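Take a look at the structure below.
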Amino acid sequence: GGRLIVPSGRYKMSSDWQLTKTDAYYYNIHILGDGAPYTLLDFSTAPGGAHGIDVYGGGRRLGIKGISILSAPSYGLALNRAPGANYLSRVTIDDVIIQGCGSDGFYSENLYMCSLSNMESWNNTGRGFYFGGYSTSINAKRCWAGGDAAYPSGGNQSDGWHIEDTVYSVFESCSSDWNNGIGWLLQNVNGISLIGCGSESNKKEGFVAETTAAAAAINSVSGLKFTSCFGYNNSQLTG
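100 is the number that our numbering gives to position 100 of the sequence shown; each next residue is one higher, with no gaps.
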């Protein structure tokens, strides 16, 4: 374990930055920048299909704070992609901006006891945030999927938030704006609370809750609670 300090600057990344299961299971590894506007990881010259930061194969106690991820060819920040039986836990992400990536800005599977705060995911070709596999005890606070204008100047090309096969988790003061897809898509979720969350100017619905026939972990929607949430100017798709 330990801390990796990344000072202010623009860093040209020639490949994805992968943390694998061999990296001491991520025991207390923390990647610390000088703030999202100042420490920029630029993946625009990485080969096709490369992710930005790719945390692969389970583990625990990973921290990422104060960085921007720009123009990864695929996912911007991937947590436990293709996990199999592995789980990733006790992850803390704060003050991170993900933008201009070729797929989802934030992608995760099989998480538990993880927190996200003060994150922005915008102008990505896929979704802003995706939670899948089978995830529990997630807390997201003050996170933004989209921007102040439509894609490609702010919103994501697909949905803002896609939360699937996730249970007993809380999303607080999070927003989804100007995305080309659905603001919030909640599939096969149990015990999920949205508190003070918003959905504005998305081209499809603001909030959708549904089950899918091919649910991997659970096959129902129950215990879904909206408290002081807000929707405005959604379902504006034309053509």
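A virtual CB, placed ideally from N, CA and C, is assigned to each residue, including glycine.
All values reported here derive from a predicted model rather than from experimental measurement.
Cβ distance (whole Å) where residue i is taken to contact residue j below 8 Å
{"i": "Ser68", "j": "Gly128", "result": "No, Ser68 and Gly128 are not in contact; Cβ-Cβ is about 15 Å, not under 8 Å."}
{"i": "Ile98", "j": "Leu77", "result": "6 Å"}
{"i": "Ile163", "j": "Leu186", "result": "5 Å"}
For residue i, three-class secondary structure by DSSP
{"i": "Ser235", "result": "coil"}
{"i": "Arg127", "result": "coil"}
{"i": "Thr212", "result": "coil"}
{"i": "Cys101", "result": "coil"}
{"i": "Gln187", "result": "strand"}
{"i": "Trp161", "result": "strand"}
{"i": "Trp17", "result": "strand"}
{"i": "Leu41", "result": "strand"}
{"i": "Ser108", "result": "strand"}
Spatial distance of residue i from residue j (CA atoms)
{"i": "Pro47", "j": "Ser71", "result": "11 Å"}
{"i": "Gly239", "j": "Lys203", "result": "The predicted model places Gly239 with a pLDDT of 43, which falls under 50 and marks its position as unreliable; any figure quoted below should be read in that light. Cα to Cα, Gly239 sits roughly 11 Å from Lys203."}
{"i": "Cys174", "j": "Gly198", "result": "7 Å"}
{"i": "Gly146", "j": "Ser222", "result": "27 Å"}
{"i": "Glu109", "j": "Asn233", "result": "31 Å"}
{"i": "Gly231", "j": "Glu205", "result": "9 Å"}
{"i": "Val6", "j": "Ser220", "result": "43 Å"}
{"i": "Asn139", "j": "Phe207", "result": "19 Å"}
{"i": "Ile192", "j": "Ser115", "result": "15 Å"}
{"i": "Val55", "j": "Gly49", "result": "15 Å"}
{"i": "Ser117", "j": "Pro37", "result": "16 Å"}
7 Å Cβ cutoff met for residue i and residue j
{"i": "Tyr107", "j": "Thr136", "result": "no"}
{"i": "Arg81", "j": "Asn28", "result": "no"}
From the options, residue whose alpha carbon lies closest to that of residue i
{"i": "Ser228", "options": "Thr211, Ser115, Met119, Ile195", "result": "Ile195"}
{"i": "Gly154", "options": "Ile182, Asn124, Leu41", "result": "Asn124"}
{"i": "Gln157", "options": "Leu41, Trp178, Ser169", "result": "Trp178"}
{"i": "Trp17", "options": "Ala150, Gly52, Leu40, Leu224", "result": "Gly52"}
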